[in-house]
Amino acid sequence: MRRILLDTSVYIQVLRRPQSAAVLDKLATGAALWLSAVVLAELYAGARGYERRVVGRLGSAFQAAERMVVPDLEDWLQTGLVLAALGERYGYEQIGRGRLTNDALIAVSAARHGLTVLTVNRRDFSRLAEFSAVRWELVDFGELPHA
Numbered sequence: 038m039r040r041i042l043l044d045t046s047v048y049i050q051v052l053r054r055p056q057s058a059a060v061l062d063k064l065a066t067g068a069a070l071w072l073s074a075v076v077l078a079e080l081y082a083g084a085r086g087y088e089r090r091v092v093g094r095l096g097s098a099f100q101a102a103e104r105m106v107v108p109d110l111e112d113w114l115q116t117g118l119v120l121a122a123l124g125e126r127y128g129y130e131q132i133g134r135g136r137l138t139n140d141a142l143i144a145v146s147a148a149r150h151g152l153t154v155l156t157v158n159r160r161d162f163s164r165l166a167e168f169s170a171v172r173w174e175l176v177d178f179g180e181l182p183h184a
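Heads up: the sequence shown at position 18 corresponds to 55 in this note's numbering, and the numbers run straight through without jumps.
Below you can see the structure in the form of structure tokens.
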């Protein structure tokens, strides 16, 4: 069974354009879906009002299913090493963004669990894959009709 973890960018796409959920359903069919605590934190940070309740239910469902990925000390250390390597290759100003730190933490912890990250963030995950064991796939939502 394929084991996948959705990046924050995928959840945001589905929340903003609910018609994109059909693409996600197709990708997740027959797969074991996991949630990163980092993704959950990012979703909470951007949620307002009712959205916070939706995010809370999402987190609770994954906790109950025991499918939460919570970074450990080794993940944090590996994230630092990956960011240092990225900084050497692409310039340290590229790693000064908190978003990249979060993506690196998602990548490293997903790799530790043998999960494939699904994302719409090609640039960051392709670079992270150069320096980590992350498996990732780009989600193409294509041209969707507006709701």
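The C-beta atom is built at its ideal place from N, Cα and C for all residues, glycine as well. Remember, predicted model here, so these are calculated numbers, not experimental data.
{"Check": "Extent of the continuous beta strand (DSSP E) to which residue 171 belongs", "Outcome": "Here residue 171 belongs to no beta strand (DSSP E), and DSSP marks it neither H nor E."}
{"Check": "Residue 66: first and last residue of the uninterrupted alpha helix (DSSP H) it sits in", "Outcome": "Residue 66 -> no alpha helix (DSSP H), and no H or E assigned at all."}
{"Check": "Alpha carbon of residue 68 to alpha carbon of residue 90, nearest angstrom", "Outcome": "25 Å"}
{"Check": "Residue closest to residue 154, alpha-carbon to alpha-carbon, out of 85, 106, 92 and 118", "Outcome": "106"}
{"Check": "Bridge partners - residue 105, DSSP secondary structure assignment", "Outcome": "72"}
{"Check": "Alpha carbon of residue 121 to alpha carbon of residue 172, nearest angstrom", "Outcome": "20 Å"}
{"Check": "Whether residue 46 touches residue 147 by CB criterion (8 Å)", "Outcome": "no"}
{"Check": "Cut-off 6 Å between Cβ atoms - residues of its own chain near residue 76, not counting five sequence neighbours on either side", "Outcome": "45"}
{"Check": "With 16 other Cβ atoms within 10 Å as the buried cut-off, status of residue 183", "Outcome": "Its pLDDT being 49, under 50, residue 183 is placed unreliably in this model, and the coordinates cannot settle the point."}
{"Check": "Residue interval of the beta strand (DSSP E) (run including residue 154)", "Outcome": "153-156"}
{"Check": "Endpoints, the beta strand (DSSP E) within which residue 85 is located", "Outcome": "Element bounds for residue 85: n/a, residue is neither H nor E."}
{"Check": "Proximity of residue 169 and residue 144 at Cβ, strictly below 8 Å", "Outcome": "yes"}
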